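First up is the structure itself, then whatever we jot down about it.
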Amino acid sequence: MRGDGSFVDDQRGVSAVLGFVLMFALVMTTFAIYQSDVVPHQNAEVESSYSQSLDGEVSELRSTTMDVAASGASASETVQGAPDYPDRALGINAPPPKSRLSTTAEHEVSIAGLETSYEQYWNGTDRTFETRLLALEPSYNYIRTEETYYLANGVGVHESGNGSYASSVGGEVVDGDQIDIVLFDGDVDQQASVHDVSLEPVSTNSEYHSVTPEDDASIELPTVRSESAWDEIAAENPNINDTEVTCGDGSDPPCDARVNTVEIELNESVESYDFRVTKVSLEEPSSADGTYVTMRPAGGVTASNGQTFTVTVRDEYGNPVSGASISLNRTGPGVLTASSVTTDDSGEAIFGVKHAEIGVTQVTAKIDDGTPDYETTSRVVGGAGAGGTPTFAAYTSGQYRPGMGDIESLTLLEGQMVPNSEEKCLLLGDGGGLLGGLLGAINCVDDDFLTLQGSLRIQADSQQYTFKYQLVDDDRNGNIDSSDDSAVVEVTDRDGNRLFWGELTNGAANRILSDSGADLLEPSNYDDEEWEFCGVFGLSCAPRDHTDFDDFDLDDSDVFVEEASGRVTVTVDDN
718 MRGDGSFVDD QRGVSAVLGF VLMFALVMTT FAIYQSDVVP HQNAEVESSY SQSLDGEVSE
778 LRSTTMDVAA SGASASETVQ GAPDYPDRAL GINAPPPKSR LSTTAEHEVS IAGLETSYEQ
838 YWNGTDRTFE TRLLALEPSY NYIRTEETYY LANGVGVHES GNGSYASSVG GEVVDGDQID
898 IVLFDGDVDQ QASVHDVSLE PVSTNSEYHS VTPEDDASIE LPTVRSESAW DEIAAENPNI
958 NDTEVTCGDG SDPPCDARVN TVEIELNESV ESYDFRVTKV SLEEPSSADG TYVTMRPAGG
1018 VTASNGQTFT VTVRDEYGNP VSGASISLNR TGPGVLTASS VTTDDSGEAI FGVKHAEIGV
1078 TQVTAKIDDG TPDYETTSRV VGGAGAGGTP TFAAYTSGQY RPGMGDIESL TLLEGQMVPN
1138 SEEKCLLLGD GGGLLGGLLG AINCVDDDFL TLQGSLRIQA DSQQYTFKYQ LVDDDRNGNI
1198 DSSDDSAVVE VTDRDGNRLF WGELTNGAAN RILSDSGADL LEPSNYDDEE WEFCGVFGLS
1258 CAPRDHTDFD DFDLDDSDVF VEEASGRVTV TVDDN
């Protein structure tokens, strides 16, 4: 202090103030560096992790969509629409970006050249539907990534923004010999950090149809994939012949449009595809109206010439419709059990006819006004007809079943054996039995046994065949096993010449005695087959014109039961 008492030269507080200023500056500089460098870097890592997690998010959404399409039960899914930045005591996060979840405009799906066995609605005719694509467009504050996720036709697709479109989140429309298409209905457009997606059933089915492809079978779908991506898909699936992408404006690729069209040409040499089209709404639940009706026998013809039938109503996508009203009618003798029926939750209803004339009485089921043709279906009692498998019970000689169609399979099931003895000789002996066996001998035995045997004469368009079957249960235990005498089938021509002799496997024989059945025209049902006829002691073996079951001409067939001991249900596939 100067002598006059002034403190002008006193410097004792300067260092403290200066230290505070320097410390504050250091803190602010550190904070600024943290805010400008560390926070963006950490948040960029969070965004990158979020971007990688979107595959799983969209995969979960797709999985839930497929569940709704199969089960018919409503569901919802939450999709994280923004990265979740960490809470910070120091530093400030930017506002989280909001992703956009939206549907595209409607696009056309066209299916051509696919036939079901009923050939009612799915008869190869072009069928066209409308669908939308669901798009998720994430947004980021720090990383420079342009990407969009799509649910398109039931397939999850990731667009990386560089022209490479890859199915990285599951599913393919054509996967092996399975075709699965999920259509979207509803209009969605929302920007949010979290998206709540409601999925409501419109037309659903847990089962697939078996469809046969014609020469020009194809599927046209909206797509966001590139031409090269589709080329790779076709190359990896032998059941796809080719694919062709057309741009949204009708031009050839490369395309500028967001959504374009791909035509998938199916392989016509594939015996059949498992096929399903379903529809899910992103808004309110709804249901599709009945479009066509099919009919099939629910059982064989009864002793009183009655028969029951199952009718099924389906929508335009091929899925069952509940609560549909079906009008019933008949021509020819008989009495219907109802004039109309209503379908249950499985889209089915059952009715019957009594005191009909086999091969003459025809029953008809109709929805709406019966036009177009697929709104009506008919069946002849005990015979072939639109929408079913001809079925009858063979239990006595002299039964006649006309109009059985073009027989592709001849299945015996629900067999009931009866006691037999030497008073009732077997139709078939060792090597042929009654008709053409060794020296014409009849194989009779002294001991009682159980047997199921019969003779079915099939008058086809240009040929006549007789199918004789014989199952013997020696120990009467209700099964055919190694201790039993025989389970054989013989086929002869019009003149009684043997064309085929085969020993059924025990499994096939026992299926004939159950409700699962065994096809007599299926080679795998036989342990042993003979397609040539040999004389005494195996000499003079001569090949026949028939060397396998495909050589039988069973078109436009009528069936006559020549002999029957026991009871068995006979069904034929007339496709």
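Remember, my numbering sits 717 above the position in the sequence shown when you count from 1.
Ideal Cβ placement from N, Cα and C applies to all residues, glycine included.
As the structure is a computational prediction, the values presented were derived from the model and not from experiment.
Alpha carbon to alpha carbon, how far is residue i from residue j?
i: D1275; j: A1005; result: 40 Å
i: N810; j: S732; result: 36 Å
i: V1070; j: T1128; result: 24 Å
i: T929; j: V1077; result: 31 Å
i: Q907; j: V738; result: 50 Å
i: S1179; j: T995; result: 44 Å
i: T1060; j: I1067; result: 8 Å
i: E931; j: E988; result: 10 Å
i: L1271; j: Y838; result: 26 Å
i: T1088; j: T842; result: 16 Å
i: P970; j: E944; result: 7 Å
i: P1037; j: E774; result: 31 Å
i: S923; j: I898; result: 13 Å
i: Q1181; j: N1214; result: 11 Å
i: G873; j: E794; result: 15 Å
i: S920; j: S788; result: 10 Å
i: T1222; j: Y1243; result: 5 Å
i: G1171; j: H1072; result: 25 Å
i: E1074; j: T1081; result: 15 Å
i: S780; j: V891; result: 17 Å
i: S1126; j: S1044; result: 31 Å
i: V914; j: E1001; result: 12 Å
i: R805; j: A852; result: 32 Å
i: N1196; j: Q1116; result: 27 Å
Span of the beta strand (DSSP E) holding residue i?
i: Q1116; result: Element bounds for Q1116: n/a, residue is neither H nor E.
i: W1218; result: 1215 to 1221
i: T963; result: 957 to 963
i: R993; result: 990 to 998
i: I936; result: 926 to 940
i: I1175; result: 1166 to 1176
i: S816; result: 816 to 820
i: V905; result: From DSSP, V905 is part of no beta strand (DSSP E); its letter is neither H nor E.
i: V1028; result: 1024 to 1031
i: V1289; result: 1284 to 1290
i: R1096; result: 1093 to 1097
i: E794; result: 792 to 797
Note the first and the last residue of the continuous alpha helix (DSSP H) segment covering residue i.
i: E1207; result: Per DSSP, E1207 belongs to no alpha helix (DSSP H); it is in the beta strand (DSSP E), 1204 to 1209.
i: V756; result: 756 to 788
i: D1192; result: Looking at the DSSP string, D1192 is not in any alpha helix (DSSP H), and its letter there is neither H nor E.
i: D948; result: 944 to 953
Pick helix, strand or coil for residue i, following the three-state DSSP scheme.
i: Y1009; result: strand
i: Y1182; result: strand
i: N1227; result: helix
i: S1241; result: helix
i: G808; result: coil
i: G1132; result: strand
i: T746; result: helix
i: E917; result: strand
i: I1049; result: With the sequence shown as reference, residue 1049 is identified as Gly, and Ile is not the correct amino acid for it. In the structure shown, G1049 sits in coil (DSSP, three-state: anything other than H, G, I, E or B).
i: D1267; result: helix
i: V738; result: helix
i: A1110; result: strand
i: A1041; result: coil
i: E980; result: strand
i: E985; result: coil
i: S910; result: coil
i: S923; result: coil
i: E1125; result: coil
i: A733; result: helix
i: S753; result: helix
So residue i and residue j are supposed to be a Cβ contact under 8 Å. How far apart are they, rounded?
i: A1281; j: S1114; result: 6 Å
i: E937; j: T978; result: 6 Å
i: V941; j: A1111; result: Not quite, the Cβ-Cβ distance comes to about 58 Å (not below 8 Å), so this is no contact.
i: I1229; j: L1167; result: Contact doesn't hold; Cβ gap of about 13 Å is too wide.
i: V1028; j: V1052; result: No, V1028 and V1052 are not in contact; Cβ-Cβ is about 18 Å, not under 8 Å.
i: V796; j: L818; result: 7 Å
i: G1234; j: L1130; result: 3 Å
i: I1084; j: V1030; result: 6 Å
Can you determine whether any heavy atom of the ligand FMN sits closer than 6 Å to the C-beta of residue i, and answer yes or no?
i: M783; result: Summarising the ligand content, the structure contains no ligands, and the ligand FMN is consequently not present.
Looking at the C-beta of residue i, does it have a partner C-beta in chain C at a distance below 7 Å?
i: R849; result: Note that chain C does not occur in the displayed structure, where there is just one protein chain.
Completely contained beta strand (DSSP E) runs for the region 828 to 900, where each covers 3 or more residues: 844 to 848, 851 to 854, 865 to 869, 872 to 876
Within the region 1053 to 1086, note down every full beta strand (DSSP E) run reaching 3 residues or more, in order along the chain. Along the length of the region 1053 to 1086, whole beta strand (DSSP E) runs at least 3 residues long occupy 1057 to 1059, 1065 to 1071, 1079 to 1083, reported in chain order.
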